[in-house]
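To start, the structure itself, in structure tokens.
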Amino acid sequence: DAGVIQSPRHEVTEMGQEVTLRCKPISGHDYLFWYRQTMMRGLELLIYFNNNVPIDDSGMPEDRFSAKMPNASFSTLKIQPSEPRDSAVYFCASYKGEGANEQFFGPGTRLTVL
Amino acid sequence: GQNIDQPTEMTATEGAIVQINCTYQTSGFNGLFWYQQHAGEAPTFLSYNVLDGLEEKGRFSSFLSRSKGYSYLLLKELQMKDSASYLCAVNNDYKLSFGAGTTVTVRA
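From first to last, the protein sequence lines are chains A and B. Quick note on the working numbering: the first sequence kicks off at 33 and runs consecutively. Quick note on the working numbering: the second sequence kicks off at 70 and runs consecutively.
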């Protein structure tokens, strides 16, 4: 298995631009999570999906952030418009479900907003 | 709310033992994870404790006391490759709340 796949690995954009981050979870995993990691705030959960349905988006910082999961093998996290304070590493993780322990993290997307 | 505390940094010598403590006060609790994260990489799973007690997995062991809101990760026979950040995370209905992480530096 290829593990969780994220793209792009690095993104540099200017303030005000739209940014779309992509994630392909591990096949057969029912849960998908989006996290953000910064030096100041550490690793924070933004939103998670179960069977493609958003379950909890209480960690999404503002209306500028949105996430979708149109099918079991693809999810996007969009920021529109982006701001410098959105600069962070964004991780996607997937989890198989009941009986399993581990959330598997993707390699992350390092976002820099100038 | 969630309050998860762990030391910021620890330094130890190759071959030694280091214990990383984690205390938590959270609104819900299903279990506690320990993850390892090398600089510039994704977190990788080390252990998951649901019940009180010690779980051993090779050189790494993890302990949980739910009544005290306390866990520790024990790293034995330290190797240079163990230099990394170690994150404890409380699981509450699939939502993980992470501590700030403990940076462990292993010196020769």
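Where is the CB? At the ideal position from N, CA and C, for every residue including glycine.
Check your understanding: For K137 of chain B, which three-state DSSP category applies?
Key -> Three-state DSSP puts K137 of chain B in coil, outside helix and strand.
**Study point:** Per DSSP, cross-strand counterpart(s) of N72 of chain B
**Key:** According to DSSP, which records beta bridges pairwise, N72 of chain B is partnered with B:Q94.
Exercise for review: Spell out whether any CB of chain B is found under 8 Å from the CB atom of D89 of chain A.
Suggested key: For D89 of chain A, no Cβ of chain B is located within less than 8 Å of the residue's own Cβ.
Practice item. Can you tell me which of the three DSSP states R142 of chain A falls into? Key: Strand, per DSSP.
Review point. How big is the Cα-Cα spacing for F129 of chain B and E46 of chain A?
Key: If you draw a straight line from the Cα of F129 of chain B to the Cα of E46 of chain A, it is about 43 Å long.
Point to revise | A153 of chain B: contacting residues in chain A (beta-carbon distance under 8 Å) | key: Neighbours of A153 of chain B on chain A: none; closest Cβ ~14 Å, over 8 Å.
Exercise for review: Please check if any C-beta of chain A sits within less than 8 Å of the C-beta of Y117 of chain B.
Suggested key: It does; some Cβ of chain A falls within 8 Å.
**Study point:** Partners in chain B for Y63 of chain A, counting only beta-carbon separations shorter than 8 Å
**Key:** Those within 8 Å of Y63 of chain A in chain B are Y163.
Review point. Going by DSSP, which residues form a beta bridge with P86 of chain A?
Key: P86 of chain A is bridged to A:F81.
Check your understanding: How many Å lie between I79 of chain A and V87 of chain B at the Cα?
Key -> The C-alpha of V87 of chain B is placed about 34 Å away from the C-alpha of I79 of chain A.
Practice item. Determine the chain A residues that contact F167 of chain B at a beta-carbon separation under 7 Å, and present them in chain order. Key: Within chain A, the residues G74 and L75 have their CB atoms less than 7 Å from the CB of F167 of chain B, given in chain order.
Check your understanding: Taking Cβ positions only, does G170 of chain B come closer than 8 Å to chain A?
Key -> Yes, G170 of chain B counts as interfacial toward chain A.
Check your understanding: Between the Cα of V175 of chain B and the Cα atoms of B:S166, B:L165, B:S152 and B:N161, which residue gives the shortest distance?
Key -> The shortest C-alpha separation from V175 of chain B is found at B:S152.
Check your understanding: Nearest-angstrom Cα distance between Q135 of chain A and S126 of chain A?
Key -> Rounded to the nearest angstrom, the two C-alpha atoms are 6 Å apart.
Review point. Span of the beta strand (DSSP E) holding K100 of chain A?
Key: Boundaries of the beta strand (DSSP E) harbouring K100 of chain A: F97 to N103, taken from the DSSP string.
Practice item. Would you kindly report the start and end of the unbroken beta strand (DSSP E) that includes R68 of chain A? Key: Run containing R68 of chain A: Y63 to T70, per the beta strand (DSSP E) assignment.
Review point. Can the beta-carbon of F102 of chain B be found closer than 8 Å to that of N160 of chain B?
Key: Closer than 8 Å, so yes.
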